[in-house]
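First the structure, in the form of structure tokens, and then the observations on it.
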Amino acid sequence: MQLAMTRVESLASDVAVVAARKLPSEALLCGNGHHPAIRVSIEAAAAADLLIVSTPIYKAAYSGLLKIWLDLLPADALRGKTVLPLATGGSGSHLLALDYTLRPVLHALGARDILDGVFAADAQLPPHESGGFLPDATILDRLDRALDPVVARYAAGASQFRCSA
0 MQLAMTRVES LASDVAVVAA RKLPSEALLC GNGHHPAIRV SIEAAAAADL LIVSTPIYKA
60 AYSGLLKIWL DLLPADALRG KTVLPLATGG SGSHLLALDY TLRPVLHALG ARDILDGVFA
120 ADAQLPPHES GGFLPDATIL DRLDRALDPV VARYAAGASQ FRCSA
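Numbering (numbering that gives the first Met the number 0), first residue to last: 0 to 164.
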């Protein structure tokens, strides 16, 4: 997700990061959309023009934590937004999870401009000495191709957008 954010942040007027793992677990599990932290996360998604949705893939599906957060979004919360789905997984055998599990939920929430998803297997993200990961060239290329429509739309400087991830 950070890599995608880096690719578009110079074009964005505002960037908000919503890390579901940092939201209060009790509020998430109880579906408490009125909890202040949950409300702020939903408002960040509502304000975004571009939403980058990133998840690990477990057992051929996106994370339950992401599902809980998506369930708290209002109906049609993603209408009029551009959405970039990103995922990581242990092997390429989980590649289609983006299309078969996450994309339908994003579509059900109103997203119609869903960019090509980018999946990275663990082997494509070797650890870097800085403590992060260094994606291989194929991941960078796929990410750039997925973001081409966003860059083309906003690079001319005609307008900026708000991004949430």
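C-beta atoms are modelled at their ideal positions from N, C-alpha and C, and glycine is treated no differently.
Using a Cβ distance threshold of 9 Å, T81 and L124 do not count as a contacting pair. Contact check between the region 57-70 and the region 25-40: three or more CB pairs, one atom from each, fall below 8 Å, which counts as touching. Selection I37, A46 and S12 evaluated against K21 yields I37 as nearest (Cα-Cα).
Close CB contacts of T137 within its chain, under the 8 Å cut and outside five residues either way in sequence, are with Q123 (chain order). Annotation: the region 72-107 contains the following complete segments of the beta strand (DSSP E) (minimum length 3 residues), in chain order: 81-88. Taken through DSSP and simplified to helix, strand or coil, P23 comes out as coil. Judged by DSSP secondary structure, L49 falls within the beta strand (DSSP E) whose first and last residues are L49 to Y57. Secondary structure note for S40: its alpha helix (DSSP H) is the uninterrupted segment P35 to A46.
In the structure shown, V17 adopts coil according to DSSP, grouped into three states.
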